[in-house]
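Contents: one structure, followed by commentary.
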Amino acid sequence: MHAWPASEVPALPGQGRDLRIHDTATGGLVTLDPGPVARIYVCGITPYDATHIGHAATYNAFDLVQRVWLDTKRQVHYVQNVTDVDDPLLERADRDGVDWAALAEQETALFREDMIALRMLPPRHYIGAVEAIPGIVPLVERLRDAGAAYELEGDVYFSVESDPNFGKVSNLDATAMRLLSAERGGDPDRPGKKNPLDPMLWMAARPGEPSWEGGSLGRGRPGWHIECVAIALDHLGMGFDVQGGGSDLVFPHHEMGASHAQALTGEFPMARAYVHAGMVALDGEKMSKSKGNLVFVSQLRREGVDPAAIRLALLSHHYRADWEWTDQVLQDALARLERWRSAVSRPDGPPAEALVEEIREALADDLDSPAALAAVDRWAALQHEHGGTDTGAPGVVSRAADALLGVAL
Ligand code: 5CA
Ligand code: ZN
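Shown next as structure tokens:
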């Protein structure tokens, strides 16, 4: 698949800082020390509906990770998938009487447009589940041949008991795992499984559903977790710096991914940090495609909302917080954008070198974007109240907002 074009990232004076970020697996902050090429995998959309504010908030968090790394003059090797075949997509296509592949293509195209509008930097590899199938099949065969997977009525399941480190990403107890497994695509109640939590690696072809040639596995389609593992290992290899997604992916998705990778390579963890964004709610409930309580990025754009204001609305919440989208959140962001734009539109202003350092420090500290916004707010307030004589300052502030926050002033 193709990704989307990158917006330019302006260079800034001074030196970027290494990122300290919260790792779900260890439950604490880790200072990442990537090599000259930082490696990140972010779980992509299941394209059966348009990008909502919750998705955008999660991708905003990982866009900041990229920007902090780029500011340290590292290259970033960023991989994202598209779950372009899975139960929820097929169910939606069925419900609406449309072709599943056309639906996936259409929603992925819209996602790209939303990402461009929000100035999210593109992944270097943007890979669909369908195109990853030739790489997934041999991994499932290897897991089966190593005794880490077994067959049940033609389907192939991963055995969580084959992994001594199972549970070390989410650190949840068995009851919680079982509940979440049932909620998030698992089938803990299916009879015949070795462990109720065992996830599917390969689903044998079902009548009326798409299927692909699976070598010794027979025709079928891939399970969800192995999709991300295959893509990540293929394009990044083991031990990459960050695996990211929303907190609803901690279990089972990222736990199972780590487990599959452990069984395949004997190594743990697949990612040095498991990073999770909080959930955005609307009317008191998590925004979700299945519930339908959604605010779409594309809808706001159609209504004429400046994407930079949407971005500021996302940035005004810490990425790990669960928060609620309200009209006030958007009004505040629009007012802030206005204040910032008028502050940088003057020919001179208060010096901005310290501001750049404050933004850097805030973001390097577990992506504290609210603190970064507060720093720009202080500069803008100073500009509005007293002005300044530094002719380079407005340009520095614009470039910093763009390079570090993805906000075009
Ligand atoms: N295709 C899989 C990942 S491999 C998937 O979860 N797709 S998704 O379309 O359901 O979600 C895409 C991303 O948005 C995931 O990282 C998910 O955790 C995140 N996300 C979904 N809903 C919300 C929400 N309400 N708030 C914040 N992030 C969310
Ligand atoms: Zn994923």
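When we follow our numbering, the leftmost residue of the sequence shown carries the number 9, and every step to the right adds one. Ideal Cβ positions, reconstructed from N, Cα and C, are used throughout, including at glycine.
Where residue i sits in the DSSP three-state scheme
i, result
"W108", "helix"
"D333", "Note on residue identity: the sequence assigns Trp, not Asp, to residue 333. In the structure shown, W333 sits in coil (DSSP, three-state: anything other than H, G, I, E or B)."
"E293", "strand"
"V50", "strand"
"G312", "coil"
"W348", "helix"
"T116", "helix"
"T39", "strand"
"D95", "helix"
"E275", "coil"
"A58", "coil"
"A33", "coil"
"D197", "coil"
"V303", "coil"
"R368", "helix"
Beta carbon of residue i nearer than 8 Å to that of residue j
i, j, result
"D153", "S267", "no"
"L111", "V73", "no"
"H60", "R328", "no"
"R368", "L417", "no"
"V90", "T66", "no"
"V168", "D206", "yes"
"D376", "H326", "yes"
"L390", "S324", "no"
"L98", "P55", "no"
"C51", "H233", "no"
"Y134", "A321", "no"
"Y49", "V17", "no"
"M185", "F259", "yes"
"V405", "L363", "yes"
"H85", "R25", "no"
"G292", "W331", "no"
"V38", "A343", "no"
"I144", "A238", "yes"
"L129", "D71", "yes"
"L151", "L272", "yes"
"L7", "V148", "In the structure as shown, the chain starts at 9 and stops at 417, and residue 7 therefore has no counterpart that could be examined."
"D410", "A360", "no"
Alpha-carbon spacing of residue i relative to residue j, whole angstroms
i, j, result
"L345", "T34", "37 Å"
"H63", "S255", "11 Å"
"L290", "K299", "11 Å"
"A101", "W108", "5 Å"
"V177", "L257", "11 Å"
"N173", "A269", "11 Å"
"A125", "P13", "11 Å"
"S296", "A279", "26 Å"
"I419", "W220", "Limits of the chain in this structure are 9 at one end and 417 at the other, which puts residue 419 out of reach."
"E159", "Y165", "6 Å"
"L40", "G414", "22 Å"
"T80", "P44", "9 Å"
"G223", "M211", "13 Å"
"G400", "P355", "8 Å"
"G396", "G136", "51 Å"
"V93", "P230", "8 Å"
"D122", "G36", "32 Å"
"G193", "P199", "16 Å"
"S15", "G105", "37 Å"
"V384", "P218", "51 Å"
"V288", "K294", "6 Å"
"E161", "G228", "12 Å"
"L180", "G252", "18 Å"
"A351", "A388", "5 Å"
"R75", "A341", "21 Å"
"P146", "N203", "23 Å"
"P378", "P315", "18 Å"
"R132", "H394", "44 Å"
"T334", "H284", "22 Å"
Terminal residues of the alpha helix (DSSP H) in which residue i lies
i, result
"D356", "That residue, D356, is in no alpha helix (DSSP H); it is neither H nor E in DSSP."
"H392", "377-393"
"F70", "61-79"
"V164", "Note, V164: premise wrong, no alpha helix (DSSP H); beta strand (DSSP E) at 163-166."
"G143", "137-153"
"A182", "182-191"
"L412", "401-413"
Extent of the continuous beta strand (DSSP E) run through residue i
i, result
"F426", "Residue 426 lies beyond the stretch modelled for the chain, which goes from 9 to 417, so this question has no answer here."
"G24", "Run containing G24: none; DSSP gives neither H nor E here."
"M211", "208-212"
"P230", "228-230"
"V177", "From DSSP, V177 is part of no beta strand (DSSP E); its letter is neither H nor E."
"V90", "83-90"
"L437", "The structure shown does not extend to residue 437, since the chain is modelled only from 9 through 417, so no value can be given for it."
Worksheet entry | Residues whose Cβ lies closer than 6 Å to any heavy atom of the ligand 5CA, in chain order | C51, G52, I53, T54, G62, H63, A65, T66, N89, T91, C236, G253, G254, D256, L257, A285, M287, V288, K294, M295, S296
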